[in-house]
Amino acid sequence: MTQRYSCAVCPSADKELGAFIADLPMETSFHRVESQEVKCGFGLTGVCCRLCANGPCRITPDSPKGICGANADTLVARNFLRAVSAGSGCYIHVIENTARNLKDTALAKGELKGKKALERLCDMLSISGSDDYDKAVKVADAVLCDIYKPDFEKMELVKKIAYKPRYEVWEKLGILPGGAKSEVFAGTVKTSTNLNSDPVDMLLHCLRLGISTGIYGLALTNLLNDVIQGEPEIRMAPVGLRVIDPDYINIMLTGHQHSMFAHLQERLKAEDVTKKVQTAGAKGFKLIGCTCVGQDFQLRGAHCTGVFDGHAGNNFTSEAVLATGAIDAVVTEFNCTLPGIEPICDELKIKQICIDSIAKKANADLKEFTYETREAVTNEIIDEIIAAYTGRRGAVPMNLLPEHGNDNTLTGLSENTLKEFLGGTWQPLIDLIVSGQIKGLAAVVGCSSLAGSGHDVLTVELTKELIARDILVLTAGCSSGGIENVGLMTPEAAELAGPNLKAICKQLGIPPVLNFGPCLAIGRLEIVAAEIAEAIGIDIPQLPLVISAPQWLEEQALADGAFALALGLPLHLGTPPFVTGSPVAVQVLCEDMKSLTGGYVFINNDAAESAKLFEDIIVGKRRDLNLP
Amino acid sequence: MKRIFIDADKCIGCKNCLVACMQAHKPGTVSVFGLDFIDPALESRNKILLDSRGKCIPLFCRHCDKPGCATACMSGAMVKEPETGYVRYDSDRCAQCFMCVMNCPYGVLKPDRETGTYVVKCDFCADHNSEPSCVKMCPVKAIYVEEV
Numbered sequence: 000m001t002q003r004y005s006c007a008v009c010p011s012a013d014k015e016l017g018a019f020i021a022d023l024p025m026e027t028s029f030h031r032v033e034s035q036e037v038k039c040g041f042g043l044t045g046v047c048c049r050l051c052a053n054g055p056c057r058i059t060p061d062s063p064k065g066i067c068g069a070n071a072d073t074l075v076a077r078n079f080l081r082a083v084s085a086g087s088g089c090y091i092h093v094i095e096n097t098a099r100n101l102k103d104t105a106l107a108k109g110e111l112k113g114k115k116a117l118e119r120l121c122d123m124l125s126i127s128g129s130d131d132y133d134k135a136v137k138v139a140d141a142v143l144c145d146i147y148k149p150d151f152e153k154m155e156l157v158k159k160i161a162y163k164p165r166y167e168v169w170e171k172l173g174i175l176p177g178g179a180k181s182e183v184f185a186g187t188v189k190t191s192t193n194l195n196s197d198p199v200d201m202l203l204h205c206l207r208l209g210i211s212t213g214i215y216g217l218a219l220t221n222l223l224n225d226v227i228q229g230e231p232e233i234r235m236a237p238v239g240l241r242v243i244d245p246d247y248i249n250i251m252l253t254g255h256q257h258s259m260f261a262h263l264q265e266r267l268k269a270e271d272v273t274k275k276v277q278t279a280g281a282k283g284f285k286l287i288g289c290t291c292v293g294q295d296f297q298l299r300g301a302h303c304t305g306v307f308d309g310h311a312g313n314n315f316t317s318e319a320v321l322a323t324g325a326i327d328a329v330v331t332e333f334n335c336t337l338p339g340i341e342p343i344c345d346e347l348k349i350k351q352i353c354i355d356s357i358a359k360k361a362n363a364d365l366k367e368f369t370y371e372t373r374e375a376v377t378n379e380i381i382d383e384i385i386a387a388y389t390g391r392r393g394a395v396p397m398n399l400l401p402e403h404g405n406d407n408t409l410t411g412l413s414e415n416t417l418k419e420f421l422g423g424t425w426q427p428l429i430d431l432i433v434s435g436q437i438k439g440l441a442a443v444v445g446c447s448s449l450a451g452s453g454h455d456v457l458t459v460e461l462t463k464e465l466i467a468r469d470i471l472v473l474t475a476g477c478s479s480g481g482i483e484n485v486g487l488m489t490p491e492a493a494e495l496a497g498p499n500l501k502a503i504c505k506q507l508g509i510p511p512v513l514n515f516g517p518c519l520a521i522g523r524l525e526i527v528a529a530e531i532a533e534a535i536g537i538d539i540p541q542l543p544l545v546i547s548a549p550q551w552l553e554e555q556a557l558a559d560g561a562f563a564l565a566l567g568l569p570l571h572l573g574t575p576p577f578v579t580g581s582p583v584a585v586q587v588l589c590e591d592m593k594s595l596t597g598g599y600v601f602i603n604n605d606a607a608e609s610a611k612l613f614e615d616i617i618v619g620k621r622r623d624l625n626l627p
Numbered sequence: 000m001k002r003i004f005i006d007a008d009k010c011i012g013c014k015n016c017l018v019a020c021m022q023a024h025k026p027g028t029v030s031v032f033g034l035d036f037i038d039p040a041l042e043s044r045n046k047i048l049l050d051s052r053g054k055c056i057p058l059f060c061r062h063c064d065k066p067g068c069a070t071a072c073m074s075g076a077m078v079k080e081p082e083t084g085y086v087r088y089d090s091d092r093c094a095q096c097f098m099c100v101m102n103c104p105y106g107v108l109k110p111d112r113e114t115g116t117y118v119v120k121c122d123f124c125a126d127h128n129s130e131p132s133c134v135k136m137c138p139v140k141a142i143y144v145e146e147v
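Protein sequence lines, in the order shown, are assigned to chains A and B.
Note that numbering that gives the first Met the number 0 numbers the first sequence so that position 12 is 11, with each residue one more than the last.
Note that numbering that gives the first Met the number 0 numbers the second sequence so that position 72 is 71, with each residue one more than the last.
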């Protein structure tokens with residue numbers, strides 16, 4: 000019998016997964032939580048500064064200022080803006096590559112799977128062209144031109160994409176962003192040694208980064224990917240470790256850049272490749288979705304049948320997916336690619352290939368994806384993976400979990416598919432909200448983390464509490480991965496909803512939690528919110544809608560959160576974003592923001608208490624709208 | 000009887016023991032996020048000094064066998080409990096002479112920062128039903144509890 004690595008593992012909301020990981024003979028992130036249990040109080044509260052050689056300086060009652068004279072407010076705001084800038088930079092890298100891929104595909108007259116999506120984008124951005132390729136080039140150029148502007152030139156597409164009342168608020172506050180890359184640059188410079196010391200200025204800069212992140216990094220990345228890879232289609236799909244079939248050569252994907260896989264996924268279906276695979280003794284190639292790019296594949300799965308079989312799990316499920324032994328290679332292009340997968344790949348002889356140097360992994364071969372070299376690079380990747388398959392199968396143990404997950408998770412939700420499902424108008428959903436059958440909406444988005452409650456624990460428990468209160472939940476990000484694997488996105492989960500929501504779900508055959516896919520789809524949720532607000536004739540902050548990143552993990556999530564605040568939404572977090580050491584930051588984020596954008600942060604790490612707070616906010620917003 | 004022992008070679012000066020102490024002694028149940036690090040009422044009963052070579056010297060009340068603080072106390076506020084070995088401080092009995100502060104061989108006792116009317120002293124987190132908070136929060140095990 001194989002020896003367990005250790006008894007001390009972090010809990011998971013996904014009991015089967017938790018038990019599987021507890022029994023593994025190798026170390027995973029779940030095993031490292033205990034040894035990292037003790038956290039530094041200064042780091043947690045944001046009052047540690049190591050921006051200069053006088054540091055690290057920590058704030059205490061006996062040392063209330065750093066050597067330079069910076070107080071807790073300056074320290075915290077600086078650290079926070081640095082993190083939001085980095086997070087925004089990540090998403091801007093994603094939209095930059097996506098726009099470049101769209102442009103290159105169009106210039107080469109390659110396949111554009113989402114013709115309707117292109118039409119809608121052209122309407123939205125007032126772009127016309129001689130044919131689809133010309134239009135696609137112009138769309139991509141408009142995006143690239145904006146994100147490359149200096150910070151003193153405002154980006155032009157914001158006005159065309161943002162909801163008008165929001166744009167007006169941002170304009171009045173002076174937080175319309177200049178070029179997205181330059182805003183990241185400015186955020187980094189502002190927070191360097193002995194530059195900006197104004198906590199309010201730095202927090203307002205976070206809002207500016209939030210807008211550029213939300214409009215470009217999130218919303219536009221989806222819309223451009225829809226043109227390249229095809230639009231989402233509502234369907235039922237299998238999820239969890241059950242999607243791994245050992246008869247195939249399996250490639251696990253991690254990252255956030257769906258368009259970078261367009262060429263690979265098509266080649267895997269080609270006749271010459273199929274022949275090679277069969278010669279090697281496998282039935283074919285399969286792409287196993289993991290992290291957000293897996294969610295993107297799942298969302299657009301209707302365009303990738305035969306190669307993509309399903310989404311296995313979120314960020315912290317990736318080690319377990321590899322530990323099944325049936326994965327032959329990992330192809331990565333961005334986060335969330337945990338360094339912890341590397342020793343597992345070594346042990347199980349799993350080939351690691353990285354296609355974006357920005358996210359180069361220590362043990363991976365770098366095979367940088369460029370449109371020009373795609374044929375050669377893709378063929379190299381395929382040959383190396385086949386060689387890895389031949390070399391490792393039979394030499395490493397299989398440890399499958401075929402019963403994990405489910406076969407009927409509803410996927411394919413987008414701002415368009417949901418509206419079409421409702422009959423081409425938001426009115427049926429608005430009517431249900433007005434009548435009170437649906438009390439309100441909650442967006443449960445963002446990552447999964449392990450510290451705190453455990454893997455997906457707060458996310459899943461909060462979601463259950465919300466649906467039980469007749470609050471319809473929409474998801475985007477790694478939260479989707481955790482929630483779908485425990486079955487809350489199957490129609491059967493209607494049984495867990497409150498009586499009113501349950502009746503609606505049963506009537507329509509839908510789950511009480513609607514899966515919009517990757518964290519990028521927070522941009523889709525914003526479009527849904529804006530369109531519903533427009534249909535009612537109100538601004539976004541008036542909607543009975545709360546957004547939550549219960550288990551936010553990364554700097555990117557903080558940039559997403561800044562977007563939510565710019566949209567004027569109440570933003571719930573399970574744990575504070577390292578700011579509580581500053582009275583000014585807490586006051587601005589939790590109170591004063593209400594008079595600026597309408598949004599605010601509230602923190603709670605208990606599922607039932609948090610859900611009650613959501614309900615109170617929603618009831619308050621309903622009252623303000625004179626709803627019962 | 001239990002005592003806190005110090006392995007100064009392991010201390011990296013993160014001051015987690017200070018944070019833990021402040022948190023443990025703030026009235027009401029508060030998480031670390033509830034601490035206001037510039038509130039003068041927040042006091043730690045331990046400290047970390049550096050020696051002449053820059054090495055961290057973590058200092059904690061040792062609840063000494065022959066406690067200088069209790070010996071110097073004229074009002075009976077500072078008393079060595081025979082059963083537990085803890086040196087207990089009763090602020091109600093304190094005459095505020097602060098001879099205990101003068102007499103502490105480790106220099107860890109101090110008058111409170113805000114009013115200067117009582118002594119800030121380690122109570123071994125005796126009412127927490129577990130080991131002292133500072134010991135629990137030390138990430139490198141530079142402090143630990145042992146039976147003596």
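Cβ coordinates follow ideal geometry from the N, Cα and C atoms, glycine included.
### Task
Name the one or two DSSP bridge partners that A:I349 has.
The partner list for A:I349 (beta bridge, DSSP) is empty, contrary to what the question assumes.
### Message
Less than 7 Å between C-beta atoms, sequence neighbours within five positions excluded: which residues of the same chain meet that for A:G324?
### Response
L347, V395, P396, M397 and N398
### Message
Any beta carbon of chain A sitting closer than 7 Å to that of B:V18?
### Response
yes
### Message
My assumption, with CB atoms under 8 Å, is that A:V242 sits in contact with A:I287. Please give the rounded CB distance.
### Response
6 Å
### Message
For B:Y117 and B:S90, which I take to be in contact (beta-carbon distance under 8 Å), what is that distance rounded to the nearest angstrom?
### Response
In this structure B:Y117 touches B:S90 by the C-beta definition: roughly 4 Å separates them, less than 8 Å.
### Task
Output the boundary residues of the beta strand (DSSP E) element that contains B:K79.
M77 to K79
### Task
Since I believe A:E332 is in contact with A:A361 (beta carbons under 8 Å), could you give me their beta-carbon distance rounded to a whole number of angstroms?
The Cβ separation is near 16 Å, so there is no contact.
### A:K189, DSSP secondary structure in three states
Here DSSP, grouped into helix, strand and coil, assigns A:K189 to helix.
### Task
Name, please, each residue of chain B whose Cβ falls closer than 7 Å to the Cβ of A:G580.
Here the neighbours are F36.
#### Entry: Cβ-based neighbour list, A:A529, same chain, cut-off 7 Å, excluding 5 preceding and 5 following
Y162 and I539
### Query
Is A:E155 closer than 7 Å to A:D145 when the C-beta atoms are compared?
yes
### Message
Going residue by residue through the segment 303 to 388 of chain A, where are the continuous alpha helix (DSSP H) segments of at least 4 residues, counting only ones entirely within it?
### Response
317 to 322 and 340 to 346
### Task
Kindly indicate if chain B contains any beta-carbon less than 7 Å away from that of A:P427.
no
### Message
Give me the chain A residues within the contact set of B:R52, using Cβ-Cβ distance strictly less than 8 Å, ordered along the chain.
### Response
Per Cβ cutoff of 8 Å: no residues; B:R52 is ~19 Å from chain A at best.
### Query
What is the residue span of the beta strand (DSSP E) that A:S211 lies within?
Annotation: A:S211 is outside any beta strand (DSSP E); the continuous alpha helix (DSSP H) that includes it extends over P198 to S211.
### Message
Can you pull out the residues from the segment 100 to 119 of chain B whose beta carbon lies closer than 7 Å to at least one beta carbon of chain A?
### Response
Under the 7 Å Cβ criterion, the segment 100 to 119 of chain B contributes R112.
### Task
Given a cut-off of 7 Å, decide if A:L421 and A:P510 are closer than it, judged by their beta-carbon atoms.
No, Cβ-Cβ distance for A:P510 and A:L421 is not below 7 Å.
### Task
Specify whether the segment 602 to 609 of chain A and the segment 461 to 473 of chain A touch according to this definition: at least 3 beta carbon pairs, one from each stretch, less than 8 Å apart.
yes
### Message
Just to confirm the assignment, what range does the beta strand (DSSP E) spanning A:V618 have?
### Response
Looking at the DSSP string, A:V618 is not in any beta strand (DSSP E); the run it does join, the alpha helix (DSSP H), is A606 to D623.
### Message
Which of the three DSSP states is assigned to A:V132 in this structure?
### Response
The amino acid at residue 132 of chain A is misidentified as Val; the sequence shows Tyr. It is helical.
### Task
Could you give the DSSP three-state label for A:T410: helix, strand or coil?
strand
### C-beta neighbour in chain B for A:P63, strict 7 Å
yes
### Query
Counting contacts by CB-CB distance shorter than 7 Å, is A:G40 in contact with chain B?
yes
### Query
Roughly how many whole angstroms lie between the Cα atoms of A:T187 and A:R81?
Roughly 6 Å between the two C-alpha positions.
### Task
Look at the alpha carbon of A:Y370 and the alpha carbon of A:A218, and state the distance between them as a whole number of angstroms.
CA-CA distance, A:Y370 to A:A218, rounds to 23 Å.
### Exposure label - A:A534; buried when at least 16 CB within 10 Å
exposed
### Task
Using a Cβ cut-off of 9 Å, pull out every chain B residue sitting near A:T59, in sequence order please.
K14, L17, V18, M21, F36, I37, L41 and S43
#### Entry: Own chain partners of A:P498 with C-beta closer than 8 Å, once the 5 adjacent residues on each side are dropped
D469
### Message
Could you give the first and the last residue of the continuous alpha helix (DSSP H) run that contains A:S479?
### Response
C477 to N484
### Task
Report, in whole angstroms, the separation of the C-beta atoms of A:K519 and A:H310, which I expect to be a contact under 8 Å.
Lys is not the amino acid found at residue 519 of chain A; the sequence shown has Leu there. In fact, because the Cβ distance is near 14 Å, the residues do not count as touching under 8 Å.
### Task
Assign A:V226 to one of two classes, buried (16 or more other C-beta atoms within 10 Å of its C-beta) or exposed (fewer than that).
Classification of A:V226: buried, given that the 10 Å Cβ count is 16 or more.
### Task
Could you tell me whether any Cβ in chain A is nearer than 7 Å to the Cβ of B:F4?
Not an interface residue.
### Message
Using a Cβ-Cβ distance cut-off of 7 Å, determine whether A:V527 contacts chain B.
### Response
no
### Message
Here's the rule: buried if 16 or more other CB atoms are within 10 angstroms of the residue's CB, otherwise exposed. What is A:N378?
### Response
A:N378 is classed as exposed because its beta carbon has fewer than 16 other beta carbons within 10 Å across all chains shown.
### Query
Mind pulling the chain B residues with CB within less than 8 Å of A:T44?
Those are V31, F32, L34 and F36, listed as they occur along chain B.
### Task
Report all residues from its chain with a CB closer than 8 Å to the CB of A:L449; omit the five preceding and five following residues, and keep chain order.
C9, S28, F29, V32 and F315
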